[in-house]
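Novice: So that we are looking at the same thing, I have put the structure below in structure tokens.
Residue numbers (the numbering used here): 310 to 670.
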């Protein structure tokens, strides 16, 4: 495999231009081109990031000391993951979110329960609020202007560090997409078909530069699928069974549809829920915060979504993904023998609870 270090630009079907560090350019020709440039942190208009005091996720991993007070702008996955880390290290953390809830897009019931857990850990939240400006005082402290999202007077909150975590955007600028005729949407995501091919023959795109959750494992599976398709095989990724994880303590994990999505689609469903407080392994480990929730079609019993908060749920969610990939039912999961004592018994009990047959409650 030949490796080239420089910036790339798609010239059209079968051609890529590389600009090396010394300014020299070279054009490569290939039968197939895969765009996988990923994403970068989204910027908040009017707020200048210096990666020292006003930081993104990159700067949050490079702080030399624990901030006395940190303000996190955005209650999404990245903001909560990094905010909770610095809270556990001793920082006073305030999370400011424009919407009226944390973890937008995730199951609402799960998000509300998770917020209560984080609040018990000392994290503070201001929801339905927006940051309108950040200034630095003579004492080196930051003053953050916060106003109601619906409009109104702003107040000022002091902070040592402000973490801007309002999401990520596709890294598609400077790739020559417009010149090459490659179509993108309003969010600058590259448009692809079911085989991840763009509207230009032989040019493919995967990962954060296309629609869907910006997750490394999604991008990896898409990369494998593209390679298989190029090789004449049948590569495929099921977009409905891509697990997502919030790496906090406890963890949050989900796969499939949320209750909100099912209600919006008019799908009648049953809910099975089982808490870790009733799981022997969790009680012994003293990690009883959270639960497992299974959503199943009311007519067919097919599992439509699984949502978890708790210890090691990043590992446990794979069981749900496997059974959903094979269109399994809640009864299929409930009748599968689970080892005892394990945390995964909670998954079985939640599946039993879909039919109100849970045992250890």
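Heads up, the beta-carbon is just placed ideally off N, CA and C, and yes, glycines get one too. It should be emphasised that the depicted structure is a prediction, and the values quoted were computed from it without experimental measurement.
1. Just verifying my parser: in three-state terms, what is the DSSP assignment at residue 336?
2. What's the C-alpha gap between residue 523 and residue 488?
3. Check this for me: beta carbons of residue 471 and residue 321, under 8 Å apart or not?
4. Consult DSSP for residue 616 and reduce its assignment to one of helix, strand or coil.
5. Nearest to residue 377 by CA position, among 390, 369, 385 and 395, is which residue?
6. Among residues of its own chain, excluding the 5 on either side of residue 659, which ones have a beta-carbon nearer than 7 Å to its beta-carbon?
7. Which partner residues of residue 442 appear in the DSSP bridge assignment?
8. Out of 340, 318, 429 and 316, point me to the one whose CA is closest to residue 506's CA.
9. When the Cα atoms are used, what is the spatial distance from residue 427 to residue 596?
10. Within the continuous alpha helix (DSSP H) that includes residue 633, where are the two ends?
11. So which of 620, 454 and 609 has the shortest CA-CA distance to residue 636?
12. For residue 393, I'd like the list of residues in its chain whose CB is within less than 6 Å of its CB, leaving aside the five on either flank, ordered along the chain.
13. Between the segment 354–363 and the segment 439–456, do three or more beta carbon pairs fall short of 8 Å?
14. Just curious, the beta strand (DSSP E) that residue 514 is in, first and last residue?
15. Roughly how many angstroms separate the alpha carbons of residue 559 and residue 626, rounded to a whole number?
16. Would you call the segment 473–486 and the segment 340–359 in contact, with 3 or more CB pairs under 8 Å?
Specialist: Let me lay it out:
1. DSSP places residue 336 in strand when its eight states are reduced to three.
2. If I take the Cα positions, the gap works out to 26 Å.
3. No. Outside cutoff.
4. Assignment of residue 616 by DSSP, reduced to helix, strand and coil, places it in the strand class.
5. The shortest C-alpha separation from residue 377 is found at 395.
6. Result list for residue 659: 581, 582, 583, 601, 602 and 603, in chain order.
7. The partner list for residue 442 (beta bridge, DSSP) reads 454.
8. If we check each option's Cα against that of residue 506, 340 comes out closest.
9. For residue 427 and residue 596, the distance between alpha carbons rounds to 14 Å.
10. Here the alpha helix (DSSP H) through residue 633 covers 622–634.
11. Closest by C-alpha distance to residue 636, out of 620, 454 and 609, is 609.
12. 557.
13. In short, these stretches touch, since the Cβ pair count reaches three.
14. Looking at the DSSP string, the run of the beta strand (DSSP E) that includes residue 514 is 512–514.
15. So the alpha carbons of these two residues sit roughly 14 Å apart.
16. Taking a contact to require three or more Cβ pairs closer than 8 Å, the segment 473–486 and the segment 340–359 qualify as touching.
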